[in-house]
Amino acid sequence: MSVVERIRNWGESPKVGIVALLCALASTLIWLEVGGANAGKGTVAAGTSTHWATGVQLQATLSQPMIVQGEDGTVYLDLSVTTPASRRDLLAQPSDVVVVLDRSGSMSQGRKWPHAMSAIGSLLDRLGPDDRVALVSFDTAARIDASLQAATDANLERLRAVVRALAPGDSTNLGGGLLAAEGILSEPAAARRRRVLLLSDGMANHGIVDPEALASIARRIADRGSVVSTVGMGLGFNETLMAALADHGMGRFSYLEHLEQLGAILTAELSDSRQVYADGSEIRMVLPPEVELLDAAGYPVTRDGRAVTIRTGQLLSGQQKKFMATLRVASGQPASYPLGEIRLDYRVGERSHHQSIEDGRLQVACVPPELESEAVASVDTDVYREAWIGNNVGRLMKNLAEKVREGNAEEARQLLSTFKDEVSEADALAPGLRAEAEAKLKEAESRMDDAFRGRDQATKQNRAAKAFLGQSQDLQRTSKPKQ
Numbered sequence: 005m006s007v008v009e010r011i012r013n014w015g016e017s018p019k020v021g022i023v024a025l026l027c028a029l030a031s032t033l034i035w036l037e038v039g040g041a042n043a044g045k046g047t048v049a050a051g052t053s054t055h056w057a058t059g060v061q062l063q064a065t066l067s068q069p070m071i072v073q074g075e076d077g078t079v080y081l082d083l084s085v086t087t088p089a090s091r092r093d094l095l096a097q098p099s100d101v102v103v104v105l106d107r108s109g110s111m112s113q114g115r116k117w118p119h120a121m122s123a124i125g126s127l128l129d130r131l132g133p134d135d136r137v138a139l140v141s142f143d144t145a146a147r148i149d150a151s152l153q154a155a156t157d158a159n160l161e162r163l164r165a166v167v168r169a170l171a172p173g174d175s176t177n178l179g180g181g182l183l184a185a186e187g188i189l190s191e192p193a194a195a196r197r198r199r200v201l202l203l204s205d206g207m208a209n210h211g212i213v214d215p216e217a218l219a220s221i222a223r224r225i226a227d228r229g230s231v232v233s234t235v236g237m238g239l240g241f242n243e244t245l246m247a248a249l250a251d252h253g254m255g256r257f258s259y260l261e262h263l264e265q266l267g268a269i270l271t272a273e274l275s276d277s278r279q280v281y282a283d284g285s286e287i288r289m290v291l292p293p294e295v296e297l298l299d300a301a302g303y304p305v306t307r308d309g310r311a312v313t314i315r316t317g318q319l320l321s322g323q324q325k326k327f328m329a330t331l332r333v334a335s336g337q338p339a340s341y342p343l344g345e346i347r348l349d350y351r352v353g354e355r356s357h358h359q360s361i362e363d364g365r366l367q368v369a370c371v372p373p374e375l376e377s378e379a380v381a382s383v384d385t386d387v388y389r390e391a392w393i394g395n396n397v398g399r400l401m402k403n404l405a406e407k408v409r410e411g412n413a414e415e416a417r418q419l420l421s422t423f424k425d426e427v428s429e430a431d432a433l434a435p436g437l438r439a440e441a442e443a444k445l446k447e448a449e450s451r452m453d454d455a456f457r458g459r460d461q462a463t464k465q466n467r468a469a470k471a472f473l474g475q476s477q478d479l480q481r482t483s484k485p486k487q
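Residue numbering for the sequence shown is 5 to 487, as defined by this note's numbering.
This is the structure in structure tokens:
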């Protein structure tokens, strides 16, 4: 007997009729949830996973769960990882710090060398007796000036004498310096935080010079549980390379034209190592054939079929680390596309953990043009605005850095002009976006115009390219205390 027939027989058997009515209501709710999703309504746009043991939270939020057939299908995925605040005794793991110092001839120019010596001295002053430290320096050749050793008073005094005896030399064998650091850290060290701090003012012009080969060294160091952070000193260094080394090394890239803050940067790196909650974090997404990952806030991405892995590095205690992924969803015909599993892997101490937002939890529906108003209404304006400012303006800054570095004023200005048109279109989906974006574009345009005007244009273009790249990373990635 069908549900309809049971309802019709209500009078003959009230009990059967009540059961039938409840079944009918349940069926209707299921249809609204499943059938509505297939029609583009009720599609899930957010998912959260909190690990029962570590307290780490992974959250993913789509800028919109619906796109319109025939449009470009760009969707932003807000990814955030939040760690709990941990007790100080759990964070008090000692650090292994390997300083890799450029002592090429250009380090003698200006006050780069005195600032580097002072900053290293300040770092040594802040090490505790349970920490360990090593020093590598490089010019035409790299050498280990001090092997990894406990930061006792006697060892630190000897190391300060070694630092005082150093002097700038010849070429820049940056690869040799990284390989020496890799050798020092080749043996695993349980329950220790390991950091490589690379200080350089020049271009890799001796030994290994291929950027991909250099990045692979940084990646190998990170894969063994260390972090590679880079500091570009002055205006003569290759900022694209130094930023890439930090990305593949899961560390931080800093640029200093004026080096008074160098000591503070090294101290901040050591402070971060004291606050690490988890190491080696990676986010892995499995995407359907109809969905493509275009960008992940500039982080290195590896691909294996439909699976993409984004290396997100160390997670600090009580912090939220977030970035936007840009997706392109097929918009040729109406359909619903569930995203695959979004998985977070990391280590806390010596234990590996993983957690995930389940397969199909997030979905994007492509709807016909007559449902455009529903698609517009589905936009999460806060996520969309944040994604657009952080990701798209950040990517623009990175592209401007490349054009300015090349001295190509015409293409740089064309990038800005095209982008202004895109801002107007985006503002229709997230009112208020235009004002925020145009403030940043006005600043970028002023910096760019100055770079191509008047005297010392080469120097000003170099400075502007580095500033644009730094701003790009600041916009695309954020890490802040959890709210």
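Here a beta-carbon is modelled for each residue, glycine too, at the ideal position from N, C-alpha and C.
On a predicted model such as this, the values are computed, not experimentally measured, just so you know.
Secondary structure of Glu296, DSSP reduced to three states: strand
With a threshold of 16 other CB atoms inside 10 Å of the CB of Gly398, please say whether the residue is buried or exposed. buried
Within 8 Å, do at least three Cβ pairs link the stretch 284-302 to the stretch 321-335? yes
What is the rounded straight-line gap between the Cα of Leu404 and the Cα of Leu163? 42 Å
Tell me which residue opens and which closes the alpha helix (DSSP H) that Ser421 is part of. 413-431
What do you reckon, are the CB atoms on Leu218 and Ala226 nearer than 8 Å? no
Helix, strand or coil at Asp227 according to DSSP, with G and I counted as helix: helix
Among the candidates His262, Ala413, Ala146, whose CA atom is the shortest distance from the CA of Val104? Ala146
Assign Pro342 to one of three DSSP states: helix, strand, or coil. strand
Determine the burial state of Asp93: buried for a count of at least 16 other Cβ atoms within 10 Å of its Cβ, exposed for fewer. Because the pLDDT at Asp93 is just 49, under 50, the model does not fix this residue reliably, and the value given afterwards should be weighed accordingly. Exposed, by the Cβ-count rule.
Under 8 Å: do the stretch 65-75 and the stretch 132-141 share three or more Cβ pairs, one atom per stretch? no
Could you spell out the range, first to last residue, of the beta strand (DSSP E) harbouring Ala171? Element bounds for Ala171: n/a, residue is neither H nor E.
Could you name the residues of the same chain whose beta carbon sits closer than 7 Å to that of Ser108, not counting the 5 residues immediately before and after it, in chain order? Asp143, Pro172, Gly173, Asp174, Ser175, Thr176, Gly206
Does Ile212 come out as helix, strand or coil in the three-state DSSP assignment? coil
Terminal residues of the beta strand (DSSP E) in which Glu286 lies: 280-290
Tell me, please, which residues DSSP counts as bridged to Gly236. Ser204, Tyr259
Inter-residue Cα distance where the pair is His210 and Leu178: 8 Å
Using beta-carbon positions only, say whether His358 and Pro304 come within less than 8 Å of one another. no
Quick one: which unbroken alpha helix (DSSP H) runs of 4-plus residues sit fully inside the stretch 457-484? Chain order, please. 461-480
Beta-carbon separation of Ala49 and Asp478 under 8 Å? no
Using 8 Å as the threshold, is the stretch 308-317 in touch with the stretch 284-294, meaning 3 or more CB pairs across them? yes
Suppose the cutoff is 6 Å on Cβ atoms and the five residues either side in sequence are ignored; what does the same chain contact list for Gly51 look like? Ala64, Ile361, Arg365, Leu366
Would you call the stretch 75-92 and the stretch 53-64 in contact, with 3 or more CB pairs under 8 Å? yes
DSSP three-state call for Arg199: helix, strand or coil? strand
Counted within 10 angstroms of its Cβ, other Cβ atoms place Leu26 as buried (16 or more) or exposed: Low per-residue confidence applies at Leu26: pLDDT is 44, beneath 50, and the placement is therefore not dependable, though the value from the model is reported in the following sentence. It is exposed - the Cβ of Leu26 has fewer than 16 other Cβ atoms within 10 Å.
Shortest alpha-carbon distance to Tyr80 belongs to which of Ala391, Ala379, Glu191? Ala391
Opening and closing residue of the alpha helix (DSSP H) in which Ser112 lies: It is not in any alpha helix (DSSP H) - Ser112 carries neither H nor E in the DSSP assignment.
Beta carbon of Val235 nearer than 8 Å to that of Leu203: yes
Contacting residues, own chain, Cβ-Cβ under 6 Å from Lys470 (five flanking each side not counted): Glu243, Tyr259
Please identify the residue among Arg256, Leu291, Gly322, Gln323 whose C-alpha is closest to the C-alpha of Asp308. Leu291
Beta carbon of Leu437 nearer than 8 Å to that of Arg389: yes
Considering only their Cβ atoms, is the gap separating Arg198 from Ser230 smaller than 8 Å? yes
Using DSSP with H/G/I as helix, E/B as strand and the rest coil, what is Arg130? coil
For Gln153, which three-state DSSP category applies? strand
Please report the distance separating the alpha-carbon of Leu274 from that of Gln113. 27 Å
Could you tell me which of Glu264, Tyr350, Leu152 sits nearest to Ala57, measuring between CA atoms? Tyr350
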